[in-house]
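Asks: Every position in the sequence shown, counted from 1, becomes a number in the working numbering once 929 is added.
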Amino acid sequence: MRSNAINPNFSVWVNASAGTGKTKILIDRVLRLLLENKRNILCLTFTNAAANEMENRIHSILSKWAICSDSVLAADLEQLDFFPMSFQRVTLESSKKKEWIPVSRTGMTGGGASHNHDLSKKPAVNPSVSSQCVTLGSRKNKDYLTRARRLFSELENLGLTIQTIHAFCYKLISSFPIEAGIAPNCTLSECKELHSIIFNKVLHNETVQDDINLIATEIDENKLRDLLYTLCVKDRCQQ
930 MRSNAINPNF SVWVNASAGT GKTKILIDRV LRLLLENKRN ILCLTFTNAA ANEMENRIHS
990 ILSKWAICSD SVLAADLEQL DFFPMSFQRV TLESSKKKEW IPVSRTGMTG GGASHNHDLS
1050 KKPAVNPSVS SQCVTLGSRK NKDYLTRARR LFSELENLGL TIQTIHAFCY KLISSFPIEA
1110 GIAPNCTLSE CKELHSIIFN KVLHNETVQD DINLIATEID ENKLRDLLYT LCVKDRCQQ
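Here it is, written out as C-alpha cells:
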C-alpha cells in the first residue's frame, strides 16, 4: 500500500490514526515528485507545526543527498521505490558491509572500459578494494544520482510550497479581493483580537442586555466570553 501511496502516478487518499506515519508518506511522495522533475508542488496541512515539520524533514533529506556517498543515496532512492537505475547488491569481504552499486547492463564502467558483466551472478570483488572504489555505472545512472544531489541547491526554484489550509485560503482571497467580496489590502487579524472585539460588541448590544445579565449570574466572565464568541460565530455561519 505504501508503494502506491508515494507513487505520483496514483491519486491516493490515506485515512489513518495519529502516529501511523501519514506525514512520512506525504514527505516520501513529495521526494518522488521532485526526483521525477515535477515542479510547483503545493502541500496543505492543518497546523503550522505540521507544515514546519514537513519542510524541515524535506530540507534535511535533500541536504543529506547532496553530500552522502553514492551507495547511501542509492539505498535512499530504493526506499522510495525509485528505480531508474540498475542496482546490484554486493558484499565487500573486507568490511562485511552490503553496498548498493549502480551497474550498467552494457557492462560499461565509469572509466569507459568494456566488461562482460553477468547481472544474474554475484560479481567478484577484490577484498582489498574499498567501498569507495567499487562504484560502477553508466552515464545515465550517474545522471540520476546527480539529479538527486542537485535538488537541495535548486530548492528555491522548485516551486515547493508547504503551508496550512488557512494560509492558502488567505493568500487566495488576498489575490482576488473583489471576487471574494472583501476590501483590498485587508489584513488577517489574530483570533484573540477578534475574540475581544466580538465580546465587547455583544456585551454592549442593548437588545440582549437582559439575557446577558441573567446568564452572568450563573457563569463567570471567561465562560461568558467563550459563550458569546460561539454564538456570534454560529450566527454568522447561518447568514
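For each residue, glycine too, the CB sits at the ideal point set by N, CA and C. Since this is a predicted model, take the numbers as computed values, not measurements.
Pull up the distance between the alpha-carbon of Asn1114 and that of Glu1108, whole angstroms please.
Replies: Using only the alpha carbons, I get a separation of about 13 Å.
Asks: With distance defined between alpha-carbon atoms, name the residue in Thr949, Thr1075, Glu982 nearest to Leu963.
Replies: Leu963 has its Cα closest to that of Thr1075, out of Thr949, Thr1075, Glu982.
Asks: Which residues mark the beginning and the end of the beta strand (DSSP E) in which Cys972 is found?
Replies: Start and end: 970-974.
Asks: Using 10 angstroms around the beta-carbon of Val959, count the other beta-carbons present and answer buried if the total reaches 16, otherwise exposed.
Replies: Val959 comes out buried.
Asks: What separation, rounded to the nearest whole angstrom, lies between the Cα atoms of Asp1010 and Leu1160?
Replies: Whole-angstrom Cα-Cα distance: 51 Å.
Asks: So which of Thr1146, Phe1128, Tyr1073 has the shortest CA-CA distance to Asn1169?
Replies: Outside the shown range of the chain (930 to 1168) lies residue 1169, about which nothing can therefore be said.
Asks: Just checking my contact of Glu984 with Ile1091 at CB under 8 Å: how many whole Å lie between their CB atoms?
Replies: Their Cβ separation, rounded to whole angstroms, is 5 Å, which keeps Glu984 and Ile1091 in contact under 8 Å.
Asks: Ignore the nearest five residues each way along the sequence and tell me which others in Ser1082's own chain have a CB closer than 6 Å to its CB.
Replies: Once the five neighbours on either side are set aside, Ser1082 has no close Cβ partner at all.
Asks: So which of Glu1135, Phe1128, Asp1139 has the shortest CA-CA distance to Lys1152?
Replies: Comparing Cα-Cα distances from Lys1152 to each of Glu1135, Phe1128, Asp1139, the minimum goes to Phe1128.
Asks: How close, in whole Å, do the beta carbons of Ile987 and Ile954 come, if the pair is a contact with beta carbons under 8 Å?
Replies: Incorrect: roughly 13 Å between the Cβ atoms, too far for contact.
Asks: Could you tell me which residues DSSP puts in a beta bridge with Gln1092?
Replies: Answer by DSSP bridge pairing, in chain order: Leu973.
Asks: How long is the line joining the alpha carbons of Leu1157 and Thr974, rounded to whole angstroms?
Replies: Each residue's alpha carbon lies about 29 Å from the other.
Asks: For the alpha helix (DSSP H) holding Ile1141, just list the boundary residues, first then last.
Replies: Taken as a continuous stretch (DSSP letters only), the alpha helix (DSSP H) holding Ile1141 covers 1138-1145.
Asks: Determine the direct distance from the alpha carbon of Asn981 to that of Cys1098, and round the result to whole angstroms.
Replies: Whole-angstrom Cα-Cα distance: 18 Å.
Asks: From the beta carbon of Val1001, is the nearest beta carbon of chain B less than 8 Å away?
Replies: Included in the structure is just one protein chain, with no chain B present.
Asks: Which of the three DSSP states is assigned to Cys997 in this structure?
Replies: Cys997 falls in the coil class under three-state DSSP.
Asks: In this structure, how does DSSP classify Phe1128 when only helix, strand and coil are distinguished?
Replies: Of the three classes helix, strand and coil, the one that applies to Phe1128 here is helix, per DSSP.
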